[in-house]
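Participant:
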Amino acid sequence: MSFLSVANVRPALGLLGLFCAVIAAPWVTLLVMIILALRYRAWEVLVLGLLVDLLWFPGLSQGVFPLFTLAGLALVWGLAPLRREFLIEKEDLVY
Amino acid sequence: MMSSYRRSDRKSLHRGLVAATLFVLVIFALDVLSGGGIRALARAGGSWVWSAGSQTASAIAGSRIAQSRQALLKENEELKEEVVRLTLRIAELGVLERENETLRAIAHVAESISGMTVPIVSSVRSSPYGTFMVGAGRGESVAVGDLVVASSGEGGGFVIGRVSEVSAHSSLVTQVFAPDVSTEAVAGDVPLVALGQGGGNARAQAPRAATISLGEAVLSPSFRGLPIGVVGSVSQDPSSAYQTVYIGLPLNLTALTFVYVIPFSR
Chain A
1 MSFLSVANVR PALGLLGLFC AVIAAPWVTL LVMIILALRY RAWEVLVLGL LVDLLWFPGL
61 SQGVFPLFTL AGLALVWGLA PLRREFLIEK EDLVY
Chain B
96 MMSSYRRSDR KSLHRGLVAA TLFVLVIFAL DVLSGGGIRA LARAGGSWVW SAGSQTASAI
156 AGSRIAQSRQ ALLKENEELK EEVVRLTLRI AELGVLEREN ETLRAIAHVA ESISGMTVPI
216 VSSVRSSPYG TFMVGAGRGE SVAVGDLVVA SSGEGGGFVI GRVSEVSAHS SLVTQVFAPD
276 VSTEAVAGDV PLVALGQGGG NARAQAPRAA TISLGEAVLS PSFRGLPIGV VGSVSQDPSS
336 AYQTVYIGLP LNLTALTFVY VIPFSR
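So the sequence lines, in the order shown, correspond to chains A and B. Last residue of the first sequence: 95 (this note's numbering), numbering continuous. Last residue of the second sequence: 361 (this note's numbering), numbering continuous.
#1: Determine the DSSP secondary structure at B:PHE253, reduced to helix, strand or coil.
#2: Are the C-beta atoms of B:SER221 and some chain A residue less than 8 Å apart?
#3: Note the first and the last residue of the continuous beta strand (DSSP E) segment covering B:THR339.
#4: Strictly by DSSP, which residues pair up with B:SER328?
#5: Can you tell which of A:ILE23, A:VAL28, A:ARG39, A:LEU75 has the C-alpha that lies nearest to the C-alpha of A:ALA7?
#6: Among B:ALA114, B:HIS264, B:VAL281, which has the Cα closest to the Cα of B:ALA238?
#7: Using three-state DSSP, classify B:LEU351 as helix, strand or coil.
#8: To the nearest angstrom, how far is the alpha carbon of A:PRO26 from that of B:GLY293?
#9: Give me the subset of the segment 16 to 35 of chain A whose CB atoms are less than 7 Å from a CB atom of chain B, sorted by chain position.
#10: Go through its chain and collect everything with a Cβ distance to B:ALA312's Cβ below 6 Å, but skip five positions before and after it.
#11: Note down, in chain order, every chain B residue with its Cβ under 8 Å from the Cβ of A:GLY14.
#12: Using a Cβ-Cβ cut-off of less than 9 Å, give me the residues of the segment 39 to 65 of chain A that come near chain B, in sequence order.
#13: By Cβ distance below 8 Å, which residues in the same chain neighbour A:MET1 in space, the five residues on each side in sequence not counted?
#14: Just to confirm, are B:ALA280 and B:ALA289 a CB contact at a threshold of 8 Å?
#15: Return the bridge partner residues of B:GLN270 from the DSSP annotation.
#16: Which same chain residues, not among the five before or five after B:PHE318, have their C-beta less than 7 Å away from its C-beta?
#17: Return the chain-ordered list of same chain residues with a C-beta closer than 6 Å to the C-beta of B:SER328, the five sequence neighbours on each side being excluded.
#18: Skipping 5 residues on each side, what residues in its chain have a beta carbon closer than 6 Å to that of B:GLN338?
#19: Name the DSSP beta bridge partners of B:ILE215, please?
#20: When DSSP labels each residue in this structure, what does B:ILE323 get in the three-state scheme?
#21: If contact is defined by three or more beta carbon pairs under 8 Å, each pair taking one atom from either stretch, is the segment 66 to 73 of chain A in contact with the segment 130 to 140 of chain B?
#22: How about B:ALA336: is its C-beta nearer than 8 Å to some C-beta of chain A?
#23: Suppose the cutoff is 6 Å on Cβ atoms and the five residues either side in sequence are ignored; what does the same chain contact list for B:VAL219 look like?
#24: Closest to B:TRP145 by CA distance: which of A:GLU85, A:ILE23, A:LEU13, A:ARG83 is it?
#25: Can you grab the Cα-Cα spacing for the pair B:ALA273 / B:PRO286, in whole Å?
#26: Go to B:PRO223, then tell me how far its beta strand (DSSP E) extends in each direction, as first and last residue.
#27: So with CB distances below 9 Å, who are the chain B contacts of A:VAL76?
#28: Against chain C, with Cβ distances strictly below 8 Å, would B:ARG134 count as a contact?
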């Protein structure tokens with residue numbers, strides 16, 4: 001089994017997102033979240049969104065909203081119909 | 096049979112997502128109720144990861160590992176160790192030299208305004224909200240509203256942000272030019288409202304008749320009248336009654352290692 005096998009992609013993306021949340025530009029983390037949300041029913045998207053906001057969000061009193069948490073929720077639940085429609089997921093193949 | 100299996104499998108996957116969603120909501124609610132306690136914990140972890148990462152990166156950059164690997168393999172083991180040791184030493188000296196330059200620049204500001212020098216303990220470009228962390232908090236008498244000043248090295252300090260959250264030994268700073276943050280400013284004798292664009296840049300509208308010269312310091316009455324940037328360019332549209340003023344910070348935010356915190360609200 002190759003290190004770059006499909007089974008490793010999801011945890012690798014999750015770890016990459018974790019790393020990017022701390023040191024990379026925010027659009028990189030967002031991109032990882034979008035890729036994860038498009039391909040998997042990934043709880044990691046929610047955790048990444050929460051992590052970005054826990055690290056950088058200055059508080060509701062500053063007049064800003066926790067955008068990444070909201071983006072995570074929107075990606076996970078908003079893209080669910082798209083995933084269901086277009087992606088062949090593992091549970092569809094194994095009976 | 097098959098479809099019932101699929102349904103139950105999907106249900107369990109859905110349950111996972113629902114659980115994760117509830118987890119996120121509970122953590123967020125707990126954070127709000129605890130006055131940012133969970134955020135303080137996350138930031139302590141984040142700044143530790145960032146510090147460890149930046150030390151590792153500078154060690155790799157300082158050594159020759161990032162360069163020609165084949166050339167290194169050809170070298171004698173003893174010679175290689177010596178080279179690595181020396182290059183690491185040079186990298187350390189480089190870091191110290193940069194820190195020294197920053198501190199010397201801050202010393203100019205400290206001569207005129209009392210405050211304290213604190214290290215930056217996070218990435219300055221990672222936040223989607225234009226925030227970053229400094230390594231001083233309640234324990235070091237930092238308070239919400241304090242001004243964060245960086246120096247360009249020529250004596251003048253520029254206000255780059257304001258402390259927006261404080262925990263025990265670290266604080267979150269919101270940049271003056273964070274995206275969509277408005278700040279009252281004055282360029283020469285022209286009053287402006289600078290709208291932050293992120294990355295140390297802002298934009299403002301001024302009446303077309305106003306004379307604003309390039310390189311002019313932009314001061315802010317909201318920040319003790321200290322400078323917050325300089326006029327980078329002015330764009331005029333003949334069909335508009337206004338001219339657009341682009342304001343920038345004359346320093347590289349990502350290269351900053353120390354900043355100066357001035358008490359504001361006390």
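Positions of the beta carbon are idealized from the N, C-alpha and C atoms, including for glycine.
Facilitator: Quick answer:
#1: By one-based count along the second sequence, residue 253 of chain B stands at place 158. Reduced to three states, the DSSP call for B:PHE253 is strand.
#2: Taking the second sequence and counting its residues from 1, one reaches residue 221 of chain B at position 126. Yes, B:SER221 lies at the interface with chain A (some Cβ there is under 8 Å from its Cβ).
#3: Within the second sequence, residue 339 of chain B is the residue found at index 244, counting from 1. Taken as a continuous stretch (DSSP letters only), the beta strand (DSSP E) holding B:THR339 covers 337 to 343.
#4: On the second sequence, residue 328 of chain B is found 233 positions in, with the first residue counted as 1. DSSP output for B:SER328 lists B:TYR341 as bridge partner(s).
#5: Taking the first residue of the first sequence as position 1, residue 7 of chain A is located at position 7. Nearest of A:ILE23, A:VAL28, A:ARG39, A:LEU75 to A:ALA7, Cα basis: A:ARG39.
#6: For the purposes of this step, residue 238 of chain B is taken as residue 143 along the second sequence, with counting starting at 1. Closest option to B:ALA238, Cα to Cα, is B:HIS264.
#7: Working through the second sequence from its first residue, we reach residue 351 of chain B at position 256. In this structure, B:LEU351 counts as coil in the three-state DSSP scheme.
#8: Numbered from 1 along the first sequence, position 26 holds the residue referred to as residue 26 of chain A. Numbered from 1 along the second sequence, position 198 holds the residue referred to as residue 293 of chain B. Approximately 12 Å between the Cα atoms of the pair.
#9: VAL22, ILE23, ALA24, ALA25, PRO26
#10: Here residue 312 of chain B corresponds to residue number 217 of the second sequence, with the count starting at 1. Taken in chain order, the residues that qualify are PRO322, VAL325.
#11: As a working mapping, residue 14 of chain A is identified with position 14 in the first sequence. The premise fails here: A:GLY14 is roughly 12 Å from chain B at the closest Cβ pair, so nothing lies under 8 Å.
#12: ARG41, ALA42, TRP43, GLU44, VAL45, LEU46, VAL47, GLY49, LEU50, LEU51, VAL52, ASP53, LEU54, LEU55, TRP56, PHE57, PRO58, GLY59, LEU60, SER61, GLN62, GLY63, VAL64
#13: In the first sequence, counting from the first residue as 1, residue 1 of chain A sits at position 1. With a pLDDT of only 48 at A:MET1, under the threshold of 50, the placement of this residue in the model should not be trusted; the figure read from the coordinates follows. Correct list, in chain order: ALA7.
#14: Indexing the second sequence from 1 puts residue 280 of chain B at position 185. Indexing the second sequence from 1 puts residue 289 of chain B at position 194. Yes, these two residues count as a Cβ contact at 8 Å.
#15: Along the second sequence, one-based indexing puts residue 270 of chain B at 175. Partner(s): B:GLY256.
#16: Along the second sequence, read from residue 1 onward, the residue named residue 318 of chain B stands at position 223. Cβ within range, chain order: LEU242, VAL254.
#17: Here residue 328 of chain B corresponds to residue number 233 of the second sequence, with the count starting at 1. So the list reads TYR341, once near-sequence residues are dropped.
#18: Residue 338 of chain B sits at position 243 when you count from the first residue of the second sequence. Within the same chain, B:GLN338 has close Cβ partners ALA301, ARG303, VAL329, GLN331.
#19: Here residue 215 of chain B corresponds to residue number 120 of the second sequence, with the count starting at 1. DSSP output for B:ILE215 lists B:VAL229 as bridge partner(s).
#20: Residue numbering aside, residue 323 of chain B sits at position 228 when the second sequence is read from its first letter. The answer is strand: DSSP assigns B:ILE323 an E or B state.
#21: no
#22: As a position in the second sequence, residue 336 of chain B is number 241, starting the count at 1. By this cut-off, B:ALA336 is not an interface position.
#23: For the purposes of this step, residue 219 of chain B is identified with residue 124 of the second sequence, where counting begins at 1. Cβ neighbours of B:VAL219 beyond the five flanking positions: PHE227, LEU348, THR349.
#24: As a first step, residue 145 of chain B must be located in the second sequence, where it is residue number 50. If we check each option's Cα against that of B:TRP145, A:ILE23 comes out closest.
#25: Translated into the one-based positions of the second sequence, residue 273 of chain B becomes position 178. Translated into the one-based positions of the second sequence, residue 286 of chain B becomes position 191. The alpha-carbon atoms of B:ALA273 and B:PRO286 are separated by roughly 20 Å.
#26: Residue mapping note: residue 223 of chain B aligns to position 128 of the second sequence, counting from 1. Segment: none, B:PRO223 is in no beta strand (DSSP E) and carries neither H nor E.
#27: Along the first sequence, read from residue 1 onward, the residue named residue 76 of chain A stands at position 76. The contacting residues are LEU112, ALA115, THR116.
#28: Checking the listed chains, one finds no chain C in this structure; the protein chains it contains are A and B.
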